[in-house]
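Report on the following structure.
There are 2 protein chains.
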Amino acid sequence: MSAARPKVVIVGAGFAGLAAAKALHRVPVQVTVVDQHDYHTFTPFLYQVATALLEADAAAFPVRGELRRLGNVSFRLATVTGVDLDAKAVDTDRRRLPYDYLVLAAGGVNAYFGHSEIAGRSLGLNDLPEALQLRNAILARLEAAAWASDPAERARLLSFAVVGGGPTGTEFAGALAELITGTLTRDFPDLDRSEVSITLAEASRHPLSVFPQPLPAAADRALRDKGVRVRSEAMVAEVDQTGLRLKDGTTVPAATVVWAAGVRASHLADGLGLRLGSHERIAVTPTLQVDGHPEVFAVGDFAEIRTPDAGQPLPMLAQVAIQSGRQAAGNIGALLRGETPQPFVYKDLGTMATVGRGFAVADMGPVKLTGQAGFLAWLVVHIARIAGMRNRSLVLTNWVSGYLFRNRPVRLIVGPRETDQAQLQGQR
Amino acid sequence: MSAARPKVVIVGAGFAGLAAAKALHRVPVQVTVVDQHDYHTFTPFLYQVATALLEADAAAFPVRGELRRLGNVSFRLATVTGVDLDAKAVDTDRRRLPYDYLVLAAGGVNAYFGHSEIAGRSLGLNDLPEALQLRNAILARLEAAAWASDPAERARLLSFAVVGGGPTGTEFAGALAELITGTLTRDFPDLDRSEVSITLAEASRHPLSVFPQPLPAAADRALRDKGVRVRSEAMVAEVDQTGLRLKDGTTVPAATVVWAAGVRASHLADGLGLRLGSHERIAVTPTLQVDGHPEVFAVGDFAEIRTPDAGQPLPMLAQVAIQSGRQAAGNIGALLRGETPQPFVYKDLGTMATVGRGFAVADMGPVKLTGQAGFLAWLVVHIARIAGMRNRSLVLTNWVSGYLFRNRPVRLIVGPRETDQAQLQGQR
Numbered sequence: 443m444s445a446a447r448p449k450v451v452i453v454g455a456g457f458a459g460l461a462a463a464k465a466l467h468r469v470p471v472q473v474t475v476v477d478q479h480d481y482h483t484f485t486p487f488l489y490q491v492a493t494a495l496l497e498a499d500a501a502a503f504p505v506r507g508e509l510r511r512l513g514n515v516s517f518r519l520a521t522v523t524g525v526d527l528d529a530k531a532v533d534t535d536r537r538r539l540p541y542d543y544l545v546l547a548a549g550g551v552n553a554y555f556g557h558s559e560i561a562g563r564s565l566g567l568n569d570l571p572e573a574l575q576l577r578n579a580i581l582a583r584l585e586a587a588a589w590a591s592d593p594a595e596r597a598r599l600l601s602f603a604v605v606g607g608g609p610t611g612t613e614f615a616g617a618l619a620e621l622i623t624g625t626l627t628r629d630f631p632d633l634d635r636s637e638v639s640i641t642l643a644e645a646s647r648h649p650l651s652v653f654p655q656p657l658p659a660a661a662d663r664a665l666r667d668k669g670v671r672v673r674s675e676a677m678v679a680e681v682d683q684t685g686l687r688l689k690d691g692t693t694v695p696a697a698t699v700v701w702a703a704g705v706r707a708s709h710l711a712d713g714l715g716l717r718l719g720s721h722e723r724i725a726v727t728p729t730l731q732v733d734g735h736p737e738v739f740a741v742g743d744f745a746e747i748r749t750p751d752a753g754q755p756l757p758m759l760a761q762v763a764i765q766s767g768r769q770a771a772g773n774i775g776a777l778l779r780g781e782t783p784q785p786f787v788y789k790d791l792g793t794m795a796t797v798g799r800g801f802a803v804a805d806m807g808p809v810k811l812t813g814q815a816g817f818l819a820w821l822v823v824h825i826a827r828i829a830g831m832r833n834r835s836l837v838l839t840n841w842v843s844g845y846l847f848r849n850r851p852v853r854l855i856v857g858p859r860e861t862d863q864a865q866l867q868g869q870r
Numbered sequence: 443m444s445a446a447r448p449k450v451v452i453v454g455a456g457f458a459g460l461a462a463a464k465a466l467h468r469v470p471v472q473v474t475v476v477d478q479h480d481y482h483t484f485t486p487f488l489y490q491v492a493t494a495l496l497e498a499d500a501a502a503f504p505v506r507g508e509l510r511r512l513g514n515v516s517f518r519l520a521t522v523t524g525v526d527l528d529a530k531a532v533d534t535d536r537r538r539l540p541y542d543y544l545v546l547a548a549g550g551v552n553a554y555f556g557h558s559e560i561a562g563r564s565l566g567l568n569d570l571p572e573a574l575q576l577r578n579a580i581l582a583r584l585e586a587a588a589w590a591s592d593p594a595e596r597a598r599l600l601s602f603a604v605v606g607g608g609p610t611g612t613e614f615a616g617a618l619a620e621l622i623t624g625t626l627t628r629d630f631p632d633l634d635r636s637e638v639s640i641t642l643a644e645a646s647r648h649p650l651s652v653f654p655q656p657l658p659a660a661a662d663r664a665l666r667d668k669g670v671r672v673r674s675e676a677m678v679a680e681v682d683q684t685g686l687r688l689k690d691g692t693t694v695p696a697a698t699v700v701w702a703a704g705v706r707a708s709h710l711a712d713g714l715g716l717r718l719g720s721h722e723r724i725a726v727t728p729t730l731q732v733d734g735h736p737e738v739f740a741v742g743d744f745a746e747i748r749t750p751d752a753g754q755p756l757p758m759l760a761q762v763a764i765q766s767g768r769q770a771a772g773n774i775g776a777l778l779r780g781e782t783p784q785p786f787v788y789k790d791l792g793t794m795a796t797v798g799r800g801f802a803v804a805d806m807g808p809v810k811l812t813g814q815a816g817f818l819a820w821l822v823v824h825i826a827r828i829a830g831m832r833n834r835s836l837v838l839t840n841w842v843s844g845y846l847f848r849n850r851p852v853r854l855i856v857g858p859r860e861t862d863q864a865q866l867q868g869q870r
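If you read the sequences in order, they're chains C and X. Taken in order, the first sequence gives residues 443 to 870; the numbers are from the working numbering. Taken in order, the second sequence gives residues 443 to 870; the numbers are from the working numbering.
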């Protein structure tokens with residue numbers, strides 16, 4: 443590695459950032475990946491972590507393990523606090539990182555559409571700490587209900603509301619219904635399934651409304667079959683301690699509110715002085731560069747990407763992230779060779795979403811699957827996509843345990859001890 | 443289950459409490475197990491959790507899953523705050539639980555021998571949250587060192603001190619040395635193994651001094667071979683931000699201090715008004731009952747058990763806990779039948795401890811093993827003792843990955859999100 447090599451800093455080790463780092467492997471640059479976590483999250487499995495089917499380590503991989511085979515890529519754990527576009531440097535809570543080329547792949551966070559108070563009244567499902575917190579909260583509610591003798595108090599504790607019927611909310615609601623029906627009613631002998639209410643509030647007519655018909659209607663039926671109350675065309679006006687208040691004036695009681703109503707770009711986007719598009723994402727050129735700074739690329743959920751052939755910006759999906767990350771790396775290579783960066787062309791490989799065990803919808807161009815065929819497709823695609831033999835074996839073991847024997851082995855309310863942490867962190 | 447059955451409350455779902463609950467399965471009583479966690483911890487694996495070899499769910503099992511096959515046993519998640527011995531009721535942070543018979547199996551916590559300030563300056567390894575916190579701290583130190591360019595600052599961050607050369611401290615120190623040598627030097631390309639110092643401070647001449655010779659001397663050599671600095675006959679006078687100060691005036695610099703110097707009975711013991719023995723444990727009669735309250739039993743780490751044949755109280759070991767828990771259950775059965783409770787006779791099945799991969803000492807009466815033979819014995823015994831096919835498969839997968847390929851798959855700095863937790867907890 444020559445010190446004279448141009449420096450590339452990649453902000454974020456999600457799908458987009460990792461894809462960019464790997465694609466820069468053969469480009470004569472020195473790459474630094476910065477992330478606030480030391481792991482890469484396989485986000486399609488987060489709802490399985492939140493419903494006690496998978497442990498954290500089955501949905502996450504040490505970033506350094508992924509990167510160490512790439513000789514020209516190093517990793518730094520830090521929170522990025524800003525970017526000095528003129529000085530060409532990334533500011534972190536550790537130290538400044540100068541760059542010649544920058545790839546912004548900082549991902550997304552929960553969007554509250556101006557109602558920031560919802561963050562304190564709901565649980566998210568957008569990253570691994572949130573998924574673990576949600577798992578702990580669900581199990582703690584059941585434990586609290588075991589102590590409650592008053593039926594009204596039990597009903598309150600056992601009421602769950604999921605806001606947003608996109609893939610995240612739908613997959614979670616289906617898996618939660620099964621966690622309770624299949625496993626927790628055995629764990630809690632006094633628990634009657636009819637005491638538990640799970641409501642999915644969706645603004646459209648059906649959940650999974652981004653899928654073509656008949657998939658949304660089929661997902662809707664599958665959710666109802668599992669005992670999920672689907673509230674269609676339900677717009678949430680307010681979230682408070684008692685649950686949801688909808689815009690039509692009705693209320694949905696819920697001790698636990700899961701917010702899956704939308705994602706926006708990470709808050710880093712707000713302070714960069716760059717033009718923002720929908721979902722507070724950084725607006726990019728067709729070549730994924732930002733206006734006025736050809737050395738800066740934005741990709742994945744952090745970028746609003748408009749392709750020449752599509753009027754709508756691309757959705758916030760893993761495949762868009764992976765492909766755009768790769769394209770940014772390719773365009774950095776082009777710039778280094780004095781060539782013209784190429785516009786990004788998205789190749790839609792299809793989308794799928796599960797509704798619990800044995801049911802998924804899959805939209806793969808002309809092929810549209812529902813039910814068990816969709817579920818089989820989901821299992822195969824996701825086992826293939828997850829990295830590493832160990833993780834595959836781990837995930838398969840848990841799926842056999844969970845889907846065949848309806849056992850959720852990870853139903854533990856656990857996290858690191860927090861006391862005295864502050865003082866130890868002072869030593870860092 | 444008749445309501446007229448006598449009520450047994452078991453405080454604690456560790457080895458002793460679970461053994462008691464299982465043994466009460468065929469006794470005509472109604473049993474309630476109370477614990478502050480919803481899981482049972484397989485404590486021999488905690489050092490493997492702390493060194494990123496096993497995930498939390500491989501060292502812990504949902505208690506409800508263990509108990510649900512037992513028709514007369516129910517579980518309640520709560521923190522026990524006291525016992526009203528006269529009113530025969532257990533007080534918790536939830537509600538009062540009346541009992542006819544009580545089994546106190548509340549286990550142990552770190553002992554600081556009057557130096558309570560050490561709790562805030564060190565990390566423990568006595569339960570699962572502590573093990574996860576320690577894992578996160580170790581990995582965070584390495585990440586911090588990756589940012590440090592000053593050699594003195596790097597050396598400080600990469601210095602670890604373990605206080606106490608009993609099985610916990612010895613096993614952890616050996617596994618930590620291997621985590622760094624085998625895995626983290628590959629993850630951190632700039633890291634030189636010689637920059638990392640791991641010191642084990644032990645008050646006796648050798649670590650594992652409770653084992654018969656030549657096992658302690660062999661363990662000592664094995665630790666040194668792995669690069670652990672063993673400080674023999676080292677008495678710790680003080681722990682501060684810079685590390686350890688020993689009673690002989692020398693210092694051991696350490697950014698991370700792991701406290702494995704001793705265990706005492708859970709603090710519940712302090713407020714019961716019962717006679718305490720060594721390690722603040724509840725003194726019990728040979729039949730495991732407490733003075734003046736024949737309906738109250740204390741077992742496991744929570745009890746100071748003296749057997750008629752031994753002068754010394756029994757050590758705080760899993761086997762003592764399991765056997766004494768079973769005996770308490772048997773004696774409750776005896777009391778119900780109007781028979782005389784039997785004195786506890788401890789059957790020593792041997793003890794073992796690992797020093798990293800490929801080395802363990804095992805003391806099984808006439809058979810004393812060290813090295814690879816000891817390690818093989820340790821693997822076989824612990825795979826046999828851990829409950830459930832899934833956990834066995836999980837542990838074996840990780841051991842193959844860890845011991846054969848020197849990969850520590852769980853090297854993630856992760857825990858549930860803590861923000862907004864307070865408010866949600868208010869809803870419980």
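Where a beta carbon is used, it is the ideal one built from N, C-alpha and C, also for glycine.
For the pair PRO649/C and GLY616/C, the CB atoms are not nearer than the 7 Å cut-off. At a cut-off of 7 Å between beta carbons, GLY549/X makes no contact with chain C. For ALA702/C, the closest alpha carbon among the candidates LEU460/C, VAL604/C, ALA660/C and ALA745/C is that of VAL604/C. Going by DSSP, ASP662/X is part of the alpha helix (DSSP H) stretching over 657-667. Straight through space, the alpha carbons of TRP820/X and SER766/C are spaced by roughly 50 Å.
Bridge partners of MET806/C according to DSSP: VAL809/C. The beta carbons of ASP634/X and PRO851/C sit about 40 Å from each other, so the pair does not count as a contact at 8 Å.
Here GLU680/C is bridged, per DSSP, to ARG687/C.
Neighbours of TRP589/C in chain X, taken as residues at a C-beta separation under 7 Å, are given in chain order as ARG518, ARG536 and ARG537. Under the rule that a run must span 4 or more residues, the alpha helix (DSSP H) segments found entirely inside the segment 511-597 of chain C read 570-589.
In this structure, ILE764/X sits near PHE457/X, with a CB-CB distance shorter than 7 Å. Taking a C-beta distance under 7 Å as the contact criterion, ALA548/X and LEU756/X do not qualify as a contact pair.
Across the structure, ILE580/C and THR698/C are spaced so that their CA atoms are roughly 8 Å apart. Comparing alpha-carbon positions, the option among GLN575/X, LEU496/X and SER639/X lying closest to LEU600/X turns out to be SER639/X. Remark: C-beta atoms of LEU574/X and ALA502/X do not approach each other more closely than 7 Å. For the pair LEU565/C and VAL726/C, the CB atoms are not nearer than the 7 Å cut-off.
Within the DSSP secondary-structure output, THR641/X pairs in a beta bridge with ALA603/X and ARG671/X. In terms of Cα proximity to ALA740/X, the closest of VAL762/X, GLY753/X and GLN754/X is VAL762/X. Contact note: ASN578/C reaches chain X through PRO858, using a C-beta cutoff of 8 Å and chain order. VAL471/X is outside the set of residues whose beta carbon lies under 7 Å from a beta carbon in chain C. For the set THR641/X, VAL705/X, LEU519/X and VAL505/X, the Cα lying nearest the Cα of GLY742/X is the one of VAL705/X. From the beta-carbon of LEU570/X, the residues of chain C found nearer than 7 Å are VAL856. Residue GLU737/X holds the alpha-carbon nearest to the alpha-carbon of GLY772/X among MET794/X, GLU508/X, ALA795/X and GLU737/X. Secondary structure note for VAL738/X: its beta strand (DSSP E) is the uninterrupted segment 735-740. Here THR493/C has ARG577, ILE580, PHE614, ALA617, LEU618, GLU620, LEU621 and ARG850 as same chain residues with Cβ atoms under 8 Å from its own Cβ, once five neighbours each way along the sequence are excluded.
For THR483/C, the enclosing beta strand (DSSP E) stretches over residues 481-483. Secondary structure at GLU497/C: coil, using DSSP grouped into helix, strand and coil. Judged by pairs of C-beta atoms under 8 Å, the segment 471-481 of chain X touches the segment 511-527 of chain X, as three or more such pairs exist. The Cβ atoms of LEU496/C and PHE484/C lie no closer than 7 Å to each other. Taking 7 Å as the threshold, the shortest C-beta distance from ARG832/C to chain X falls below it. Distance from the CA atom of GLN731/X to the CA atom of GLU781/X, rounded to whole angstroms, is 15 Å.
Between VAL678/X and THR641/X, the C-beta spacing is not below 7 Å. Taking C-beta separations shorter than 7 Å and ignoring five residues to either side along the sequence, the partners of THR812/X in its chain run LEU657, ALA660 and VAL803, following chain order. Note on geometry: alpha-carbon atoms of ARG536/X and ASP712/X lie some 20 Å from one another.
Here the C-alpha atom of PRO785/X lies approximately 10 Å from the C-alpha atom of ILE747/X. Neighbours of ARG666/C across chain X, judged by C-beta separation under 8 Å, do not exist; the nearest C-beta is about 27 Å away.
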